Amino acid sequence: MKLNEKSVKALENLRNYPRQVDSYLAPRRSAVLVALLANSEGDLEVILTVRSSKLRTNAGDSAFPGGKQDPEDVDLIATAKREAMEEVRLPPSETEVLTILAPVLSRHLLVVTPVVVFCPNMTTSDLPSLYPNPGEVAAIFTAPLEYFLNPRPGDHACFDMSWLHSEHRMHRFERCGSHNYVLGESNDASEKTIGTIETTATTATATITNNQTEIGWPVYGMTAGLSIEVARIAYQREPDYELYAPGQLIDTKQMATLYNKEFAIRSSL
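Position 142, counted from 1, in the sequence shown is what numbering that gives the first Met the number 0 calls 141; the numbers after and before it change by one each time, with no gaps.
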């Protein structure tokens, strides 16, 4: 698939973004794979998953493939690629590493490193070649990367909250993946109901309009924040909405730094 000029430039911007190297001491290291691929128009889309309702944490959430670092992982790139293979069967050989973003802190106090990759031999039409791991993934879908800077009217919402003694703005995007998805075997993400189901943190939406079914999932929290950050770097512009809460002084990247410092201090005592 031939990339359009905007996408070629976006990939170049990501390749040129300095890989963030850290020496964090925090023991709970994790990584996610932000995998980009082209659609039929040559635009970039990102691969996301819907976590199985059977999982103990973040059940039903939209997320990037990823997880905790194993002792045998040589680095966090290996962690992200291994997890993507386990969760959606994305072969490590099919991904080109573009850059590594600074770690962020999850709501469960995991230090998460985003690894941004491009799948040069895949397009969005190849999504059925991926396979949702029945124990972990209810669905796989793609969303246009630029959508996270310029969402459809009514599809973006945010709320401000106090977290770890700082104000933060949480973003939420609706109806993601409605155009391109793969459902897992025997999972509640595949259920379709006539009418409209209110979107919640743990359910898919199903809307019938003019006899057509539109299915989508919300993307919010850390996953939304990372999608925004990757899009900002790729397209070199700010989103069409206010990114930060009034008075917000730090973001999740800086929270990860502070968390690591606190851990280092405790470890030295």
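All C-beta atoms, glycine included, are put in the ideal place defined by N, C-alpha and C.
No experiment lies behind these values; they were computed from the predicted model shown.
Specify whether the stretch 122-138 and the stretch 177-185 touch according to this definition: at least 3 beta carbon pairs, one from each stretch, less than 8 angstroms apart. yes
Three-state secondary structure (DSSP) at E237? coil
Consult DSSP for S128 and reduce its assignment to one of helix, strand or coil. helix
Given this structure, state the Cα-to-Cα distance separating E44 from T141, to the nearest angstrom. 6 angstroms
Entirely enclosed beta strand (DSSP E) segments - the stretch 98-150, minimum 3 residues: 110-122, 136-143
Closer than 8 angstroms is the cut-off here; do at least three beta carbon pairs connect the stretch 146-158 with the stretch 103-112? no
Have a look at the DSSP bridge pairing and note the partners of D159. R168
Note the first and the last residue of the continuous alpha helix (DSSP H) segment covering S6. 4-15
With a threshold of 16 other CB atoms inside 10 Å of the CB of D74, please say whether the residue is buried or exposed. exposed
Excluding the five sequence neighbours on either side, which residues of its own chain have a C-beta within less than 6 angstroms of the C-beta of K252, listed in chain order? A101, V103
Going by the beta-carbon positions, is the gap between P64 and A83 smaller than 8 angstroms? yes
Does the stretch 240-254 come within contact of the stretch 7-17, defined as at least 3 CB pairs closer than 8 angstroms? no
Spell out the partners DSSP gives K67 in its beta bridges. S29
Spatial neighbours of E237 within its chain, please: C-beta separation below 8 angstroms, excluding the five flanking residues on both sides. L148, R231
R171 and Y219: beta carbons closer than 8 angstroms? yes
For L286, write down the residues that DSSP places opposite it in a beta bridge. The structure shown does not extend to residue 286, since the chain is modelled only from 0 through 268, so no value can be given for it.
DSSP-derived helix/strand/coil call for S22: coil
E95 and P119 closer than 8 angstroms at C-beta: yes
From the DSSP output, in three-state form, read off D42 for me. coil
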